[in-house]
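Novice: The structure under discussion is supplied below as structure tokens; questions concerning it will follow.
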Amino acid sequence: MLIYFIEGIVYIIKGVILLKNKYANSNIDKNRNIVGLKSSNNGQKNKETIDERIDEKGGTNEIKIIEVSDIKPIKIPEKNELKETVKINWIKELVLPFGRNKMGVSQVKDETLILYEKLCDFIDGELRKNKTSLNKEVRRTKAGAGYYYNILYTIYCISEEHIIKAYSGGYYNLYTYNIFEGYFGRDLRDKVFVKAQELEKCVSPPKENTLIYFNLTENGLPRKWWDKDGKLRGSREFSKKELRILNTTPARTTIVWDIHEIKKQIIMLYLEIWQIISSGLEKDLKWKNKNRTALKNILDGGYVYFAGYNILASLIKVSENAIREVVPNTQILNISKEQDNIKRYFPKELVDDINNKLIEYKNGINHEKLIEILNDMIKNNPSDWKLKAEKVLMAEADKRISILIDYKEDEDFVKIAKEIVKKTDDENLLLLCLYGIEREEKLSQKNAKLLEGIIYNGNMPIYENILKSKEVLSLELFNRLVKLKIPIRKKIKLNMDKVEVSKRELNETVEIVKEYIGDEEENEEFHENNFQEEIVIDKCDDKPKIKHEDFLNLILDKGSIEVEEGKKIAMDNGTLLNAFISDINQELYEYVQDQVIIIKDDYIKIDDFYVDTIKELVMSEK
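Numbered by this note's numbering, the letters in the sequence shown go through residues -3 to 618 in order.
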């Protein structure tokens, strides 16, 4: 019995040894695989080996245990984990259940696919934060029926909507986003919307086919009635409220809306009126019916009923008329109905503020801005000769002549010149215009008389010679014409030798006369008295007759008179101020050989050097 017991113990010990041997072999094989994998991954040529010696004869009786404590174990990823780390081709995985309308535009398709890939990567990254992935969610819902269960297609539709919004400038279709929310919840939906808006800004500029399809301007903006070419939006950034106001406003189709600078001024004034309205909505004012609500809906993008559109039409029309009132050569509108409508619609306080704004804005349009508007009008309608005449008249005095000369080859030059003659009192400008007209056709009786009042009568033959030559307008010609306004002084060249001979002959004559006269006192007195009498008679015969004596006396009495007063006197004499003064100077020239009447600092006066002379002439008249 004891023997059997001991024999059983021996078998148990042998079994334990066998199990220990099996476990050691298993660890060696496992470590060999780990070392081999590590070496392979690092690209090392020298591979570590584990030397296991087992006595073939002794079997399990001789086992060498190898130290492997310095080998760091590396986790071998599972098959599924390896697949998830590989970047997925989302476009290849995409299945479209049917064709899309916008896919006829190749740029829309290309940009949609780019945005789609980026959104897929973004969504996948967000899902992995929650221990899942986009690919897993696609597989999970793949068993569902219908396209509603096609997650990738839903993401594609979202991408397309953002691309269309980027090009068309319209509104987002949130229907697809609602489907997306059903998949992933509200939080991820909101994140995707923000991300898509961010990516939307990186869309490439629209190409020709895209511009045509979406009816876009050259700078890629949607065409609006108030900014058909997109130029205004390209030069100024409009707020969302401003865009809502303008897009809600009924269209105006008058000709001034085709002129950029005028359109710009109208819109700026219109938006400033809306600033007044917006401020008024926050005040405690008495409003009628639902007017206040309608205006708030316009600002907030809500529903606008007919009454709202009606007041918008009135406001934009009065804004347009205000700009028309200061722009040259534009017709004034009848806005009585619109003004009544504004009075009925708004509280009195706002009506007063709106009317004050209209006046303030008109007064704020300076001369430079008007010139800019006028240039834009001419550019828009180059055949409008009245606008060209206005450009000359509105220019600064020192620039008028050069602008007129620029139009010398214009087919409507005569019309331009005649229009200027009607409206200006600039004598120099008149002179050049009259010459330009007479160069092409005979002057009217009125214009001929006007020319005679400008050019000194004695210089008319010179003018006629210039006219016969048909000289074209130039600054050099203009300067020559201006000189004809005053007498041209003749230069006398003396022969000094002949003068000396004449002096000697005169002295000899005087001596001969003395011999005949003698020194008799009686004869001296007689001749002296006769001589004095002759002198007095000569003085009486040479007494000057001053045509404009009253005008000269007026200036002598006051010292000077204002230009405006002088203009009235000239008009009473049937002529312009400059022509009137020129006539006086011509009359006095034979006495003083210079210009007497001058204009200085908006005052008409007698040149200080000739005041006493003129006093003598005037006094001799009395």
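Yeah, the Cβ is synthetic: ideal placement off N, Cα and C, and Gly gets one too.
Which residue marks the beginning of the alpha helix (DSSP H) containing K601, and which one marks its end?
Specialist: First-last for K601: Y599 to I602, but that is the beta strand (DSSP E), not the alpha helix (DSSP H).
Novice: Whole angstroms is fine: what's the gap from W221's alpha carbon to D422's?
Specialist: Cα to Cα, W221 sits roughly 43 Å from D422.
Novice: Just curious, the alpha helix (DSSP H) that I369 is in, first and last residue?
Specialist: Residues H363 to N376.
Novice: Let's test the definition: count the other Cβ atoms within 10 Å of the Cβ of K395 and tell me whether it reaches 16, buried, or not, exposed.
Specialist: With fewer than 16 other Cβ atoms within 10 Å, it is exposed.
Novice: In terms of DSSP beta bridges, what is D223 paired with?
Specialist: Paired residues: K220.
Novice: When you measure from the CB of R248 to every non-hydrogen atom of the ligand MG, does any distance come out below 7 Å?
Specialist: In the structure shown, the ligand MG is absent, as is every other ligand, since no ligand is present at all.
Novice: Could you check what DSSP says for I593 in three-state terms: helix, strand or coil?
Specialist: Note: I593 maps to strand in three-state DSSP.
Novice: Out of Q271, R288, K203 and V388, point me to the one whose CA is closest to N371's CA.
Specialist: Out of Q271, R288, K203 and V388, V388 has the C-alpha closest to the C-alpha of N371.
Novice: Helix, strand or coil: how does DSSP classify I557 here?
Specialist: Strand.
Novice: To which residues does DSSP link L212 through a beta bridge?
Specialist: Answer is P218, bridged to L212.
Novice: Among N317, I251, S398 and I557, which one has its Cα closest to the Cα of D598?
Specialist: Checking every option, the nearest Cα to that of D598 belongs to I557.
Novice: Thinking C-beta only, is E113 closer than 8 Å to S200?
Specialist: Going by C-beta atoms, S200 is not nearer than 8 Å to E113.
Novice: Are K382 and N325 close, meaning C-beta to C-beta below 8 Å?
Specialist: Yes, these two residues count as a Cβ contact at 8 Å.
Novice: With H, G and I counted as helix, E and B as strand and the rest as coil, what does DSSP make of L170?
Specialist: Looking at L170 - three-state DSSP - the assignment turns out to be coil, as it is neither helix nor strand.
Novice: Suppose the cutoff is 8 Å on Cβ atoms and the five residues either side in sequence are ignored; what does the same chain contact list for I399 look like?
Specialist: The residues are K387, V388 and A391.
Novice: Taking I269 and L311 to be in contact with their CB atoms under 8 Å, please state how far apart those CB atoms are, rounded to whole angstroms.
Specialist: The pair is a contact, with the Cβ atoms about 6 Å apart (cut-off 8 Å).
Novice: Would you kindly work out how many angstroms separate the C-alpha atoms of D406 and A575, rounded to a whole number?
Specialist: Going by the C-alpha atoms only, they are around 29 Å apart.
Novice: Just to check my reading of the structure: I401 and I350 have Cβ atoms closer than 8 Å, yes? What is that Cβ distance to the nearest angstrom?
Specialist: That pair is no contact at about 45 Å.
Novice: Rounded to a whole number of angstroms, what is the C-alpha to C-alpha distance between V614 and L548?
Specialist: Spanning the two alpha carbons is a distance of roughly 8 Å.
Novice: Could you tell me the boundaries of the alpha helix (DSSP H) in which Q103 lies?
Specialist: Element bounds for Q103: S102 to R124.
Novice: Are L480 and N453 touching if we call contact CB-CB under 8 Å?
Specialist: In this structure, N453 does not lie closer than 8 Å to L480 by Cβ.
Novice: Excluding the 5 residues preceding and the 5 following T206 in the sequence, name in chain order all residues of the same chain whose CB lies nearer than 8 Å to its CB.
Specialist: These residues qualify, in order along the chain: V101, Q103, V104, Y163 and L212.
Novice: Rounded to whole angstroms, what is the Cα-Cα separation between L217 and G166?
Specialist: C-alpha separation (whole angstroms): 11 Å.
Novice: Please confirm whether V323 and I374 have their CB atoms less than 8 Å apart.
Specialist: No.
Novice: Could you tell me the distance, in whole angstroms, from the CA atom of R185 to the CA atom of I147?
Specialist: Distance between the alpha carbons of R185 and I147: 13 Å.
Novice: Determine the DSSP secondary structure at A391, reduced to helix, strand or coil.
Specialist: Residue state, collapsed to three classes: coil.
Novice: Roughly how many angstroms lie between the CA atoms of Y431 and Q589, to the nearest whole one?
Specialist: Those two C-alpha atoms are separated by around 27 Å.
Novice: Tell whether a beta-carbon distance below 8 Å holds between E583 and H544.
Specialist: For E583 and H544, yes; Cβs fall inside 8 Å.
Novice: Taking C-beta to C-beta, are I622 and K313 nearer than 8 Å?
Specialist: No answer is possible for residue 622: it lies beyond the span of the chain, which begins at -3 and ends at 618.
Novice: Just how far apart, CA to CA, sit I610 and K601?
Specialist: Cα to Cα, the separation comes out at about 12 Å.
Novice: Have a look at L446 and L346 and give me their C-alpha separation to the nearest angstrom.
Specialist: Rounded to whole angstroms, L446 to L346 spans 53 Å at the Cα level.
Novice: Return yes when the Cβ of L111 is within less than 8 Å of the Cβ of L170, no when it is not.
Specialist: Contact: no.
Novice: Over the uninterrupted alpha helix (DSSP H) stretch that includes R185, give me the two end residues.
Specialist: Counting along the chain, the alpha helix (DSSP H) containing R185 begins and ends at R182 to E196.
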